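Counting from 1, one number per residue, gives the positions in the sequence shown under the UniProt record's numbering.
Ideal placement from N, C-alpha and C gives every residue a C-beta, glycine not left out.
As the structure is a prediction and not an experimental result, all values here were calculated from the model.
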Amino acid sequence: MLKSKAFSRQTRQGRIIKVVNEHYLRDDIFCGAPYCQAKEIKQGKEVKKCIVSSARLSATASTILVLDTNVVLNQIDLLENPAIDNVVVLSVVLDEVKNKNIAIYNRLRALCSNSLRHFYVFSNEYHKETYVEAMAGESPNDRNDRAIRVAAKWYQDHLGSTVSVLLITNDRDNKKKADEEGISAETVECYVKSLGQPELLDLIVQPPSEDVNMDDVEDLRPSKRKVIYNEHKPMSEITSGLLRGLLHQGKLRVNRFNPFEACVGSESIGDEIIIYGRANINRAFDGDIVAVELLPQEQWHEEKSLALADEDDEEEDVHLAPNNADDAPRVMSQGQTAPEEMKPSRPTGRVVGIIKRNWHSYCGSLEPMPMPAGEGGRAHALFVSKDRRIPKIRIQTRQLGNLLDKRIIVAVDSWDRLSRYPTGHYVRTIGEIGDRDTETEVVLIENDIDARPFSAQVLACLPPLPWSVSSQDLTNPIRQDLRHLRVCSVDPPGCRDIDDALHCMPLPNGNFEVGVHIADVTNFVHPGTPLDDEASQRGTSVYLVERRIDMLPKPLTEDICSLRADVERLAFSVIWEMTPDAEIISTRYTKSVIKSCAALSYVEAQARMDDSRLVDPITSDLRNLNGLAKIMRQKRIDRGALTLASAEVKFQIDTETHDPLDIGMYQIREANQMVEEFMLAANVAVAEKILKHFSLCSLLRRHPGPTKEMLEPLLRTAESIGLSLDVTSSKALADSLDRAVGNDPYFNKLIRILATRCMTQAVYFCSGDLSPPEYLHYGLASPLYTHFTSPIRRYADVIVHRLLAASLGIYKLPGVFQDRPKLTSISDNLNYRHRNAQMASRASVELHTLIFFRKRPTDTEARIVKIRSNGFIVFVPKYGIEGPVYLTSKGENAGEWLVDEKQQKIRKLDGSVSYGVLGTVRIHMEVVEPQPNRPKLQLTLV
Numbered sequence: 001m002l003k004s005k006a007f008s009r010q011t012r013q014g015r016i017i018k019v020v021n022e023h024y025l026r027d028d029i030f031c032g033a034p035y036c037q038a039k040e041i042k043q044g045k046e047v048k049k050c051i052v053s054s055a056r057l058s059a060t061a062s063t064i065l066v067l068d069t070n071v072v073l074n075q076i077d078l079l080e081n082p083a084i085d086n087v088v089v090l091s092v093v094l095d096e097v098k099n100k101n102i103a104i105y106n107r108l109r110a111l112c113s114n115s116l117r118h119f120y121v122f123s124n125e126y127h128k129e130t131y132v133e134a135m136a137g138e139s140p141n142d143r144n145d146r147a148i149r150v151a152a153k154w155y156q157d158h159l160g161s162t163v164s165v166l167l168i169t170n171d172r173d174n175k176k177k178a179d180e181e182g183i184s185a186e187t188v189e190c191y192v193k194s195l196g197q198p199e200l201l202d203l204i205v206q207p208p209s210e211d212v213n214m215d216d217v218e219d220l221r222p223s224k225r226k227v228i229y230n231e232h233k234p235m236s237e238i239t240s241g242l243l244r245g246l247l248h249q250g251k252l253r254v255n256r257f258n259p260f261e262a263c264v265g266s267e268s269i270g271d272e273i274i275i276y277g278r279a280n281i282n283r284a285f286d287g288d289i290v291a292v293e294l295l296p297q298e299q300w301h302e303e304k305s306l307a308l309a310d311e312d313d314e315e316e317d318v319h320l321a322p323n324n325a326d327d328a329p330r331v332m333s334q335g336q337t338a339p340e341e342m343k344p345s346r347p348t349g350r351v352v353g354i355i356k357r358n359w360h361s362y363c364g365s366l367e368p369m370p371m372p373a374g375e376g377g378r379a380h381a382l383f384v385s386k387d388r389r390i391p392k393i394r395i396q397t398r399q400l401g402n403l404l405d406k407r408i409i410v411a412v413d414s415w416d417r418l419s420r421y422p423t424g425h426y427v428r429t430i431g432e433i434g435d436r437d438t439e440t441e442v443v444l445i446e447n448d449i450d451a452r453p454f455s456a457q458v459l460a461c462l463p464p465l466p467w468s469v470s471s472q473d474l475t476n477p478i479r480q481d482l483r484h485l486r487v488c489s490v491d492p493p494g495c496r497d498i499d500d501a502l503h504c505m506p507l508p509n510g511n512f513e514v515g516v517h518i519a520d521v522t523n524f525v526h527p528g529t530p531l532d533d534e535a536s537q538r539g540t541s542v543y544l545v546e547r548r549i550d551m552l553p554k555p556l557t558e559d560i561c562s563l564r565a566d567v568e569r570l571a572f573s574v575i576w577e578m579t580p581d582a583e584i585i586s587t588r589y590t591k592s593v594i595k596s597c598a599a600l601s602y603v604e605a606q607a608r609m610d611d612s613r614l615v616d617p618i619t620s621d622l623r624n625l626n627g628l629a630k631i632m633r634q635k636r637i638d639r640g641a642l643t644l645a646s647a648e649v650k651f652q653i654d655t656e657t658h659d660p661l662d663i664g665m666y667q668i669r670e671a672n673q674m675v676e677e678f679m680l681a682a683n684v685a686v687a688e689k690i691l692k693h694f695s696l697c698s699l700l701r702r703h704p705g706p707t708k709e710m711l712e713p714l715l716r717t718a719e720s721i722g723l724s725l726d727v728t729s730s731k732a733l734a735d736s737l738d739r740a741v742g743n744d745p746y747f748n749k750l751i752r753i754l755a756t757r758c759m760t761q762a763v764y765f766c767s768g769d770l771s772p773p774e775y776l777h778y779g780l781a782s783p784l785y786t787h788f789t790s791p792i793r794r795y796a797d798v799i800v801h802r803l804l805a806a807s808l809g810i811y812k813l814p815g816v817f818q819d820r821p822k823l824t825s826i827s828d829n830l831n832y833r834h835r836n837a838q839m840a841s842r843a844s845v846e847l848h849t850l851i852f853f854r855k856r857p858t859d860t861e862a863r864i865v866k867i868r869s870n871g872f873i874v875f876v877p878k879y880g881i882e883g884p885v886y887l888t889s890k891g892e893n894a895g896e897w898l899v900d901e902k903q904q905k906i907r908k909l910d911g912s913v914s915y916g917v918l919g920t921v922r923i924h925m926e927v928v929e930p931q932p933n934r935p936k937l938q939l940t941l942v
């Protein structure tokens, strides 16, 4: 059956054209129920009934649920609970959800494709008995609600007395009309209560209006319902303000040391806007896109004049009058500095509207509280996130006794401006507080890391084990047999996912043949397969202290693709002819078969090179490679590449308990630098090759140079200690850092660590999205760069392998490379996943640092890296730890301390004690718990 709808529209050129929309309707769309008895009679003949082979609803179901759109949008956490089953998802609902919230749409699609759940998508918009035309004067929302009711009624009539059909809606008008039309309908809460599982009621999202009725749980006193926050401006006013330059848009970032302090990076003024105090943050969460209004210039603050916040300061700024900007400094917990004493140089503002929320689920625990009288009643509780940047969240729960000693997940529902805290709901329990596995899962959840086992569909894409190189691989004309070469790998100790190896062979003309051999992952990961889709979504492997979460299944990462010693493996090779001065004479690229002679650790390779008694071929190759690498490194530095430093921490882990036995800074050896140099060279060579062939669809990696504002903290610190840094170019900065030496052997590394923190993040991008000058990698001083050398653990490298193969004519370029928006979306996801993996690794280090020091209070030396008005932030070189040190105790008057901003010093008024940036102090480190279930490593002056 064909429905046609014609209408006229005017083009930009002013022409009137007729548009005809055709909508095909069918009468044989299956309802999803295995017990369907529907038959159709035509001309006295019984025709084929519904096809039941694709049944998704349970044969034993007594009730089938039909959901409206708002139930899906608001109650997805409830729907993901296994207790909610046998659900019909109408296509009209699916489309509406996709248009309104892509994240919830993806979660709903996952439910519908999960073979263990009975969720069935019914194409009501294409069934002749459930399709509805919009009526005159009817809004799209009302039309869709009517379509949902029509589909629910059809299911009711279609299945007869076999099963009851229930429409779930919280829309009063929709429910009233359903009742009038003879459709069984219930609210979410009524239906959940009927299931007899009270704990499910905790998952229900309460409407915002209920926020008002809960306010007296903020403390034990009756609330006076005073306005705490300014009302957010509507989007129309925000848009107008942005266009007129009265408002500024940017992403809000909350200070990890002080949740009352945030900043918003604003392109419109080319600087960060400081937001100080909960009133001025105005219910915005870390990561929200916000509209900011600048405060009058006399109220601007110098960021370093703002105090560090104590763990106990959660409530200090709750009742600020939001319309009085002068109140902002009052929340300074200690070392309070009056506004007139502050240097007015950094723009300061307040949030006036939320453009895009970044709310998601948060991990933490409930604030300890006495159990309410009565069993199983609804209790109000405050949830405390493990992330200090997140405010406390109020929830209602019927299982308080079971949750008080657990790590749980809570989602935010709303935040009323009369309420001190946002309102949310319980999602699920993770495990016991303090348990290492529980706390590790918290790290993964907080950073959106997918640690689920690989699905059967993904594993089905793998070749059977044991796998070995076949005769077809050896005779394949696209693949060169390089098994005769003396190839070896150099990796961290215990590495099993070996994706790179090297060879270095002296040539008769005095030059060297040098090869970088990379695991040929794309020989096994084919475009469009479940394996490829999974790798694309995961984006990267994640390295925690005690475990690795793979991007690809272990049979690939540790066996089939891993370039292990003494086994034949497939590789993608970049091979140069180099002079002894590391000048590249020629470059070639080839798929290959290799057989590694040795899989060495960095320590083993370094020991071989350092032992003059060893003259075996592999050691000679390593020395030749190292000699070339040193020359290549120096050439890079001469071009302006930066040699930066970071505080990488290494743990020694007990193999049985997985507890940390020792902790220290990761040691970089010449062997590390040798491997790094050839990987960088291979990445640059491949970037040049793919861009030459595919100028608009190459995946590259860029590192934008830091802005003047980003370098300001480094320059201020350097100036305060009499050090002059030239930041006009990466070359000038690199030379300045080389000259920054003193009597202290750690001084130069500390300066480089501070310089690293001023840098932007390197990011993946599609070459067609930017102009060539923007391709620059500032840190490497390279006009072109990409990632090619780690396809086992990075999906970006998988994409680049496909581009390189296509540029060599080995394979045809997959169709996705013709879709620029899709490539941009892939790049964005890779950047998101890469950043989250880094954050998860750091959080894992912090967790294991707490575990290590919990029973080991320690005194050690630290270096001051930032001066604040009531203390300073220090870096502990021995352990790679950073944290705040307070000079005053809670409630103590800090007026006796004076901050010298120019000299970056803090001293007592009587001059008896003075501390300066980069100075050495002795500190005591001890794990304390100032707030229940929120342990922290406390640093105090000895």
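Local conformation of residue i per DSSP, three classes
| i | result |
| --- | --- |
| tyrosine 886 | strand |
| residue 957 | Only positions 1 to 942 of the chain appear in the structure, and residue 957 is not among them; the question remains open. |
| threonine 429 | strand |
| aspartate 659 | coil |
| aspartate 211 | Since pLDDT at aspartate 211 reaches only 34, below the 50 mark, its modelled position is unreliable, and the value read off the structure follows with that caveat. Residue state, collapsed to three classes: helix. |
| isoleucine 449 | coil |
| glutamate 272 | strand |
| arginine 569 | strand |
| histidine 380 | strand |
| histidine 777 | strand |
Distance between residue j and residue i (C-alpha atoms, nearest Å)
| i | j | result |
| --- | --- | --- |
| proline 82 | arginine 117 | 7 Å |
| isoleucine 355 | lysine 233 | 10 Å |
| serine 841 | leucine 544 | 5 Å |
| proline 800 | serine 698 | Just to set this straight, residue 800 is valine in the shown sequence, not proline. Approximately 8 Å between the Cα atoms of the pair. |
| tyrosine 362 | proline 347 | 31 Å |
| lysine 936 | arginine 428 | 25 Å |
| asparagine 124 | threonine 130 | 5 Å |
| alanine 262 | arginine 283 | 12 Å |
| arginine 934 | glycine 364 | 9 Å |
| tryptophan 897 | valine 942 | 18 Å |
| isoleucine 281 | phenylalanine 260 | 8 Å |
| isoleucine 433 | serine 194 | 32 Å |
| leucine 887 | arginine 868 | 10 Å |
| glutamine 606 | alanine 598 | 14 Å |
| alanine 681 | tyrosine 589 | 13 Å |
Under 8 Å between C-beta atoms of residue i and residue j
| i | j | result |
| --- | --- | --- |
| alanine 535 | histidine 517 | no |
| leucine 939 | valine 865 | no |
| isoleucine 183 | leucine 167 | yes |
| valine 593 | arginine 483 | yes |
| asparagine 230 | valine 352 | yes |
| arginine 547 | arginine 833 | no |
| residue 976 | valine 927 | There is simply no residue 976 to check, as the chain begins at 1 and stops at 942 in what is shown. |
| threonine 397 | aspartate 77 | no |
| threonine 643 | arginine 752 | yes |
Integer-rounded CB distance, given that residue j should sit under 8 Å from residue i
| i | j | result |
| --- | --- | --- |
| valine 150 | valine 132 | 5 Å |
| valine 469 | leucine 570 | 7 Å |
| aspartate 499 | proline 791 | 6 Å |
| alanine 519 | leucine 474 | So it is not a contact: roughly 17 Å between Cβ atoms. |
| leucine 628 | methionine 609 | No, leucine 628 and methionine 609 are not in contact; Cβ-Cβ is about 13 Å, not under 8 Å. |
### Message
Between the stretch 851 to 870 and the stretch 905 to 924, can you find at least three pairs of beta-carbon atoms closer than 8 Å?
### Response
yes
### Message
Check whether the stretch 905 to 917 and the stretch 716 to 724 are in contact - that is, three or more C-beta pairs closer than 8 Å.
### Response
Counting Cβ pairs under 8 Å, three or more are found: they touch.
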